[in-house]
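According to the UniProt record's numbering, numbering within the sequence shown proceeds without interruption in unit steps and concludes at 252.
No residue lacks a Cβ here, since even glycine has one placed at the ideal position from N, Cα and C.
Accompanying notes for the structure given below.
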Amino acid sequence: MSATSPALLVIAHGSRDPRHAATVDALCARVRSLRPGLRVEAAFLDFNAPRVGQVLARLAAEGVTDIAALPLLLTRAFHAKSDIPAVLREATALHPRLTVRQTAVLGPSPLLTDALERRLHQAGLRPADRDSTGVVLASAGSTDPEAIAVIAEIAREWRHTGWCAVRPAFASASLPRTEDAVRALRAEGVRRVAVAPYVIAPGRLPDRIAHGAREAGADLLAGVLGPAPELARLLLHRYDESRAAAPALLSA
1 MSATSPALLV IAHGSRDPRH AATVDALCAR VRSLRPGLRV EAAFLDFNAP
51 RVGQVLARLA AEGVTDIAAL PLLLTRAFHA KSDIPAVLRE ATALHPRLTV
101 RQTAVLGPSP LLTDALERRL HQAGLRPADR DSTGVVLASA GSTDPEAIAV
151 IAEIAREWRH TGWCAVRPAF ASASLPRTED AVRALRAEGV RRVAVAPYVI
201 APGRLPDRIA HGAREAGADL LAGVLGPAPE LARLLLHRYD ESRAAAPALL
251 SA
């Protein structure tokens with residue numbers, strides 16, 4: 001990487017569950033391995049350290065001036081629209097030499113559905129099972145209608161790749177819940193039901209998805225996306241998109 005290439009700041013929500021930060025760190029390590037020389041830092045909005053402002057202050061003190069801030073989010077909901085821009089504006093006001101460009105969120109992307117399928121296969125689903133399997137696409141949930149619509153559209157598009165059925169479900173804020181979606185597929189006569197968590201890292205809401213899958217008797221529960229290679233490549237794709245975009249609006 002060129003010495004003038006922007007640093008990549010990966011901004012995660014954070015969680016009291018220590019598995020969350022460990023997963024973010026593992027994903028960032030995979031990104032570094034894919035692009036040696038790119039500076040990749042992780043920061044959190046809440047619960048975990050370091051916080052976004054702390055990392056930006058350290059980068060500014062080290063003379064870094066150009067940063068691509070990537071929301072580690074699968075949909076463009078409240079955190080991407082409000083929380084993260086506010087934190088970045090505050091930091092650039094404190095450190096006027098910083099120029100920060102917020103990238104697009106991760107989803108939707110074919111790389112994410114590829115990662116979902118990787119996790120399903122790792123959980124035991126065989127290629128021959130595809131046309132007899134209904135999938136519950138279980139996301140964290142949101143009160144943002146745009147985010148909910150995106151999840152529903154992903155389910156519709158994924159259905160056309162050969163699954164018997166694909167239904168969205170949500171761990172919070174929206175309906176149906178994972179267990180309700182599993183039972184609905186059973187009631188429709190779907191022989192095999194798999195639950196694919198559309199979440200990046202472990203935590204309270206992914207645990208709720210897993211509980212719902214077990215409670216309703218799903219045949220298979222995939223793991224969270226975690227540091228999947230497809231996810232690491234997607235982070236770099238969003239980074240590259242931001243470099244090609246118009247100048248950042250978050251510099252002071």
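Count the other CB atoms, across all protein chains shown, that sit within 10 Å of the CB of aspartate 219; report buried if there are 16 or more and exposed otherwise.
By 1-based counting over the sequence shown, the position of residue 219 is 219. The residue is buried, with at least 16 neighbouring Cβ atoms inside 10 Å.
Review point. Roughly how many whole angstroms lie between the Cα atoms of threonine 133 and serine 174?
Key: For the purposes of this step, residue 133 is taken as the residue at position 133 of the sequence shown. For the purposes of this step, residue 174 is taken as the residue at position 174 of the sequence shown. Distance between the alpha carbons of threonine 133 and serine 174: 24 angstroms.
| query | Do the stretch 196-214 and the stretch 16-30 touch if we need at least three Cβ pairs shorter than 8 angstroms? | reply | Verdict: yes, contact present.
* Is isoleucine 200 helix, strand or coil when you go by DSSP? -> Counting from one through the sequence shown, the residue named residue 200 turns up at place 200. Isoleucine 200: coil per DSSP, three-state reduction.
Review point. Which residue's Cα is closest to the Cα of serine 109: Arg243, His237, Ala244, Ala245?
Key: Position 109 of the sequence shown holds residue 109. Of the listed residues, the one whose Cα sits closest to serine 109 is His237.
- Item | Alpha-carbon spacing of alanine 149 relative to arginine 156, whole angstroms | What you label residue 149 is simply residue 149 of the sequence shown in a count that begins at 1. What you label residue 156 is simply residue 156 of the sequence shown in a count that begins at 1. Going by the C-alpha atoms only, they are around 11 angstroms apart.
- Item | Unbroken stretches of the alpha helix (DSSP H), 4 residues or longer, contained in the stretch 40-114 | Under the rule that a run must span 4 or more residues, the alpha helix (DSSP H) segments found entirely inside the stretch 40-114 read 52-61, 84-94.
Using only the alpha-carbon positions, how far apart do leucine 221 and isoleucine 154 sit? Residue mapping note: residue 221 aligns to position 221 of the sequence shown, counting from 1. Residue mapping note: residue 154 aligns to position 154 of the sequence shown, counting from 1. When rounded, the distance between both Cα atoms is 19 angstroms.
Item to complete: Excluding the 5 residues preceding and the 5 following glycine 124 in the sequence, name in chain order all residues of the same chain whose CB lies nearer than 7 angstroms to its CB.
Response: Sequence index remark: in the sequence shown, residue 124 carries index 124 (1-based). Cβ within range, chain order: Leu220.
Problem set entry | Three-way DSSP call (helix, strand, coil) for serine 139 in this model | Here residue 139 refers to the residue found at position 139 when the sequence shown is read from its first residue. DSSP places serine 139 in strand when its eight states are reduced to three.
Quick check on leucine 9: does DSSP put it in helix, strand or coil? Position 9 of the sequence shown holds residue 9. Correct three-state label for leucine 9: strand.
**Residues near leucine 120 by beta carbon distance below 8 angstroms, same chain, minus five either side** = The count along the sequence shown starts at 1 and reaches residue 120 at position 120. Val135, Ala194, Ala196, Leu220, Ala222, listed in sequence order.
**Item:** Whole-number beta carbon distance between leucine 70 and leucine 112, since they are thought to touch under 8 angstroms
**Value:** As a working note, residue 112 is residue 112 in the sequence shown. As a working note, residue 70 is residue 70 in the sequence shown. About 14 angstroms separates the beta carbons of leucine 112 and leucine 70, which is beyond the 8 angstroms limit, so they are not a contact pair.
Around the Cβ of proline 6, are there at least 16 other Cβ atoms within 10 angstroms (buried) or fewer (exposed)? Residue numbering aside, residue 6 sits at position 6 when the sequence shown is read from its first letter. Under a 10 Å Cβ-count criterion, proline 6 is classified as buried, with 16 or more other Cβ atoms of the shown protein chains found around its own Cβ.
Using the beta-carbon count (16 or more within 10 Å), is glutamate 179 buried or exposed? The residue given as residue 179 occupies position 179 in the sequence shown. It is buried - the Cβ of glutamate 179 has at least 16 other Cβ atoms within 10 Å.
Counting C-beta neighbours from all protein chains within 10 Å, is the total for histidine 79 16 or more, i.e. buried, or is it exposed?
To locate residue 79, count along the sequence shown from 1; it is residue 79. Under a 10 Å Cβ-count criterion, histidine 79 is classified as buried, with 16 or more other Cβ atoms of the shown protein chains found around its own Cβ.
inquiry  = Pull the bridge partners of leucine 221 from the DSSP assignment, please.
reply    = Counting from one through the sequence shown, the residue named residue 221 turns up at place 221. Checking the DSSP bridge columns, you'll see leucine 221 partnered with Val195.
Is DSSP giving alanine 165 helix, strand or coil here? Here residue 165 refers to the residue found at position 165 when the sequence shown is read from its first residue. Alanine 165 falls in the strand class under three-state DSSP.
Do glycine 141 and serine 172 come within 7 angstroms of each other at the CB atom, strictly closer than that value? As a first step, residue 172 must be located in the sequence shown, where it is residue number 172. As a first step, residue 141 must be located in the sequence shown, where it is residue number 141. Against a cut-off of 7 angstroms, the Cβ pair of glycine 141 and serine 172 comes out as a contact.
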